[in-house]
Amino acid sequence: MKRQVSAVLLAGFLLLTACSSKSNDTANSTDSGGNQGSSKEITVWAWDKNFNIAAMNQAKDVYVKDHPDVKINVVEYAQDDIIQKLNTGLNSGTTSGLPNIVLIEDYRAQSFLQTYPDSFQDLTSSITASDFAEYKLGPTSMNGKQYGVPFDSGVAGMYVRTDYLQDAGYTVDDLQDIDWQKYIEIGKAVKEKTGKDMLTQDPNDLGLIRMMIQSAGSWYLKSDGSTPDLKDNAALKEAFQTYKELMSADIVKITSDWNSFLAGFNSGDVASLPSGNWITPSVKAQADQAGKWAVVPLPKLKNTAGSVHASNLGGSSWYVLNSDGKEAAADFLAQTLGSNVDLYQSLVTDVGVIGTYKPASEGDAYKSEDEFFGGQAVVSDFAKWTTEIPKVNYGMHTYAIEDILKVEMRNFLNGSDIDKVLGDAQSQTEAQIK
Amino acid sequence: MKRQIKKITDQTLFSKIFVVMSISIISVTILTSWVTVQMSQKLFVQTFSITNSKIIEQIKSGLQSTHYSNVNIAINVAQSGAIKSFLTEANGNSLSNFKTTFSMNDQMKRIQSGIGAKNVGIVVVGVNGKSYASNRTYWSGPPGELLRNPITENTWNHNGQMLYSYMAGGIWNSAEPYVVASKELIMPETKKSYGTLFMMIRENEFRKNYASFTSKGNDVIILDQHGLIVSSNRQELLGTESPEILKNARDIQQLGLVSKEMKISDQEVIVLADYLPLYDFYIVNIIDKNTMLNHMLNRKAVIFISAGIIAVAVLVVYFITKRLTKSLRTLVKKMSNVTKKNFHNYMSVTGSYETKQLSKAFNYMLDELNAYVSQLVETQNEQRNAELAALQQQINPHFLYNTLASVNMLVQRGNKEMITETIHSLISLLQNTISNVKETISVEQELLNLKHYVFINQVRYGDQIKVDYFISPDCLSSQVPKLVLQPFIENAFFHAFNIKSAGYIYVVITKERDYLLCEVVDNGDGMELAGDQDTIPSPSSARQLFNGIGIRNVHERILLLYGEEFGVSISSTLGQGTKISIKLPG
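Which chain is which? The protein sequence lines are Z and W, in order.
Sequential numbering from 1 applies to the first sequence in full-length UniProt numbering.
Sequential numbering from 1 applies to the second sequence in full-length UniProt numbering.
1. My output table needs one value for W/W34: the three-state DSSP class, helix, strand or coil.
2. Of the residues that make up the stretch 195 to 215 of chain Z, which ones have a beta carbon closer than 9 Å to any beta carbon in chain W?
3. Just confirm the distance between the C-beta atoms of W/I580 and W/E519, as a whole number of angstroms; I'd bet it's less than 8 Å.
4. Look up W/E189 in the DSSP assignment and say whether it is helix, strand or coil.
5. Assuming W/S406 and W/Q464 form a contact by the criterion Cβ under 8 Å, report the distance between their Cβ atoms to the nearest whole angstrom.
6. Compute the Euclidean distance between the alpha carbons of Z/G325 and Z/P117, then round it to the nearest angstrom.
7. Pull up the CB-CB distance for Z/L321 and Z/P139, whole angstroms please, since I reckon it's below 8 Å.
8. For chain B, is any of its Cβ atoms less than 8 Å away from the one on Z/L413?
9. Since Z/A263 meets chain W, which of its residues come closer than 7 Å, beta carbon to beta carbon?
10. With a threshold of 8 Å between beta-carbons, can W/K130 be considered close to chain Z, or not?
11. In angstroms, rounded to a whole number, what distance separates the CA positions of Z/D152 and Z/G315?
12. Sorted by chain position, which residues of the same chain lie with C-beta nearer than 7 Å to Z/L298's C-beta, five sequence neighbours on each side aside?
13. Just list the alpha helix (DSSP H) runs in the stretch 200 to 227 of chain W, keeping only unbroken ones of 4 residues or longer that don't cross its boundaries, in chain order.
14. Just checking: is the beta-carbon of Z/W45 within a distance shorter than 8 Å of some beta-carbon in chain W?
15. Tell me whether the stretch 120 to 138 of chain W and the stretch 186 to 197 of chain W touch, counting them as touching only if at least three CB pairs, one residue from each stretch, are closer than 8 Å.
16. Below 8 Å between beta carbons is the criterion; list the residues of the stretch 231 to 265 of chain Z that meet it against any residue of chain W, in chain order.
17. Verify the CB distance criterion: does Z/E108 have a CB-CB separation below 8 Å to chain W?
18. Looking at W/Y138 and W/G121, is the spacing between their C-beta atoms short of 8 Å?
19. For W/D468, report the span of its beta strand (DSSP E) as first-last.
20. Do you know whose CA, among W/L560, W/L574, W/D266, lies nearest W/E439's CA?
21. Answer yes or no: do W/L574 and W/E528 have a C-beta to C-beta separation smaller than 8 Å?
22. Nearest to W/R234 by CA position, among W/K247, W/D251, W/Y210, is which residue?
23. My assumption, with CB atoms under 8 Å, is that W/Y453 sits in contact with W/Q486. Please give the rounded CB distance.
24. Can you give the Cα-Cα distance for W/R148 and Z/V351, rounded to whole angstroms?
25. Smallest Cα separation from Z/K85: which of Z/Q114, Z/Q121, Z/A46?
26. Give the DSSP bridge partners of Z/L74, in chain order.
27. If contact is defined by three or more beta carbon pairs under 8 Å, each pair taking one atom from either stretch, is the stretch 175 to 187 of chain W in contact with the stretch 203 to 223 of chain W?
28. Quick check on the DSSP output: what are the complete beta strand (DSSP E) runs of length 3 or more inside the stretch 228 to 252 of chain W, in order along the chain?
29. Could you check which residue in Z/I279, Z/V252, Z/A330, Z/S256 has the C-alpha nearest to that of Z/G187?
30. Report the option in W/F304, W/R323, W/I423, W/C475 whose CA atom is closest to the CA atom of W/F14.
31. Can you find at least 3 beta carbon pairs, one from the stretch 262 to 271 of chain Z and one from the stretch 283 to 292 of chain Z, that sit closer than 8 Å?
32. Scan the stretch 146 to 175 of chain Z for residues whose Cβ lies nearer than 7 Å to a Cβ of chain W and list them as they occur along the chain.
33. Select from Z/L206, Z/L230, Z/A294, Z/S96 the residue whose C-alpha is nearest the C-alpha of Z/G375.
34. Look up W/T12 in the DSSP assignment and say whether it is helix, strand or coil.
35. Exposed or buried, Z/L61, counting other C-beta atoms within 10 Å across all chains shown (16 or more means buried)?
36. Which chain W residues are close to Z/A400, counting only those with a beta carbon under 7 Å from its beta carbon?
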């Protein structure tokens, strides 16, 4: 009996000391009790807050509804940053610090796929490649394997200000199916009547040249994707000449950066805007210009055989990196942008993304008329042109060649001979990409 | 509960020692820990202030190089003719604009790649309204928007000096805030402004200058002259104004203090601050004392160790105290058991010296007690024996033979009357000695017995020896041990008159104060006593004439019954007679 009492006494002391440490434990456990769930995390890198990011966020919302355990981080970077980071990471052979899904411009896709052949996940079995526009499959596939989920079409059109055209004595119909010579003619009239330039151009961006040559099924490289095709490229030559004519006609407002490019058409300084359809959200951002815009087919090259009224500018596609979590990332893309017709409808309506997923173009959203564009069924027009875009092989060196061409373009504008200019570009390119 | 408390208080010695020791151990441990913790805290705080002021120096030099890179951009931009003409030339035709823009762009790319300022967004806005932004994720708005920003006006007020400010994220740039370095571009010759240069650094890039030095509870805050928090690892503070921190930073800087301890929103913090002249910012390092000390000084470990020490010490004390008091407690237990008529609980002599001695003493005491008790038991046995012997004495068969022989003789003589009287006496005598079991009888009864005995003896041996009784009447009812006088009468009859053939025996019983004095006096032969007058002859005495055993038994019986002051004494003179005095309580 006495032993028990002293044991009680002793236990009391021990308990006292034990208690004091216990309270500390619980305080700590709430601190460290972190996220231990086995939730999957997918990181996506893209540029353009209003377009790609907005689209990806919609896809994310759709997917997360059915897969609440998946966490998707959409991170915005400038396209240059993404390229730099991808190159840095993939060159060193590590995927740590890189996202699971990345948006890559079609022009650059091959350079990544070919330079880092094992770094991207084969999506052949995840999506049905034939469901996408054919011209997108070139950039996004390699050796018969589909690596990218084709995204926005990049289909180009000519956005025009109907009011300025009207002031100059033209109607939208006058711009249907014209060539660039006619366009310059109209531009001159507009400049004369309204004082407004016809279009904007950034000397550092040869997007217009690209649109022109692709409309003729031509590219900086031959169809093998590696042989430079500059010197005797008739389409390129005519594109250069057309570019110079635009400049000489003094109907081009020169922009220095993206902001002034946007400001060009948002502030009403230009009468038209030849661009990819991804610019639609930016055009529509200026709500007070509703009804003043229309979209007409891209002018074609006058003298180049095979030039059509459809081209492409800067489409991009989604790629999955071959790293941890690739299955989840591939599944995410396959379930959303790879197959979800409904998602594409809301992408069209809410974001203005015109996808290249063929089954989606049957949806109602693609047929709807847009009051901003005076009731024109813009999307269905774009979708129609999409099917007409000539397929070219962008190859690996689009921007490397373009850096050379920019300088040569300046030389050309300064008075150099066109053949010499293209010849120089050819030899420089050959020297550089070999 | 009450019972348990009682149990504890019962164990007074153990519980007192244990409680006192425990309390001492606990208080010593706690106090020592507390003092140690306090001292360490002071030391840590000091060390912290020193290291963190070094860290601030390091951050400052990091920020300096960021600043130099910005300055380089600014110099290059300001010195570039292409950029100047882009920003100043009036709108020409498409071709000339193309060339100007192209050259400007070229220059810009060169500047940016030359300096390696990858994470700086460069924006220039010219007086002609033209602008250039190197990267649209930094700025995608129209130049007018930027010019309307208060930063621009501030810049213009700075005469071409570089100004650092905070710009919140918004629709024209990304959601994250920026630290913007801005500078007015001024023509060297005319001192006229031709544009404004903005170098936008994302706050999270700017933060990299010091982010590695921060941790939870160790925050760096950079604020401008208005207390606006420009950059901090605590992102929730970005863009908020904190005049309190600004004031403290100014105080520290002006007073030249290393650090200051204070309370900011109920948190005890150590604040270090310095001024960044290049930026016109204050850099403030706020260290949450509690978090930091918890981090550096593992209080939990201290508490655990102290608790461990206390637990072990208390345990040890518990067992030691228990051991020390164990023998004592056993002692107490055994001693308390002694009351239960058990004198054989001998202590094992173990434990400490004191307990050993106690045990020994206790055992010795038990020994004594047991010896005494056994002696007592022996005495009682002796008494019983004496009584038995007395009884045997009285019904001595020899006496019976003699008596019966006398009766026989009387029968032959035919003295009927005498026979009846003799047998009657014998019967009475036997009745009183054998049937009466009482220890004591009254004097009267004793006298009756004596008379019967004397009568029988006189019948047997004749009446030359006369017996007279002198009894004081007040003694008749007094109680005396049974057959206390008979042995002496017998003695006198058979041994006192061997030489003399006739004589007298007197039985005198008187009361003197509080005791009774019985005397048997004869005028017989007397005897030679060994020593002093009063000594009773030893039973082994060779003198067969005196029946020592009977007299000695009487004496011992009286001693046992009444104590030392009573007893038998003998005085005798040869030829004169013998006197036996028996002293009894009245």
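Cβ coordinates follow ideal geometry from the N, Cα and C atoms, glycine included.
Per the coordinate set shown:
1. helix
2. D197, Q201, D202, P203, N204
3. Contact between W/I580 and W/E519 holds, since their C-beta atoms are separated by about 7 Å, short of 8 Å.
4. coil
5. Not really, about 15 Å apart at Cβ, beyond 8 Å.
6. Annotation: Z/G325 to Z/P117 spans about 18 Å, alpha carbon to alpha carbon.
7. Rounded, the Cβ-Cβ distance is 17 Å, inconsistent with contact.
8. Included in the structure are the protein chains Z and W, with no chain B among them.
9. Result: P142.
10. Answer yes: the Cβ-Cβ gap between W/K130 and chain Z drops below 8 Å somewhere.
11. 6 Å
12. A156, G157, M158, M211, S215, P274, H309, A310, S311
13. Complete alpha helix (DSSP H) runs here, min 4: 203 to 206.
14. no
15. yes
16. L246, M247, S248, A249, D250, I251, V252, K253, I254, T255, S256, D257, W258, N259, S260, L262, A263
17. Reading the sequence as shown, one finds Arg at residue 108 of chain Z and not Glu. Output row for Z/R108: interface = no.
18. yes
19. 465 to 471
20. W/L560
21. yes
22. Ranking W/K247, W/D251, W/Y210 by Cα distance to W/R234 puts W/Y210 first.
23. W/Y453 to W/Q486, Cβ: 6 Å. Contact.
24. 30 Å
25. Z/A46
26. A small fix is needed here, since residue 74 of chain Z is Val in this sequence, not Leu. Note: Z/V74 sits in a beta bridge opposite Z/V44.
27. yes
28. 229 to 232
29. Z/V252
30. It is W/R323.
31. yes
32. none
33. Here the closest residue by C-alpha is Z/A294.
34. helix
35. As written in the sequence, residue 61 of chain Z is Asp, which differs from the Leu given in the question. Per the 10 Å Cβ criterion, exposed.
36. Here the premise fails: no neighbours, minimum Cβ distance about 15 Å.
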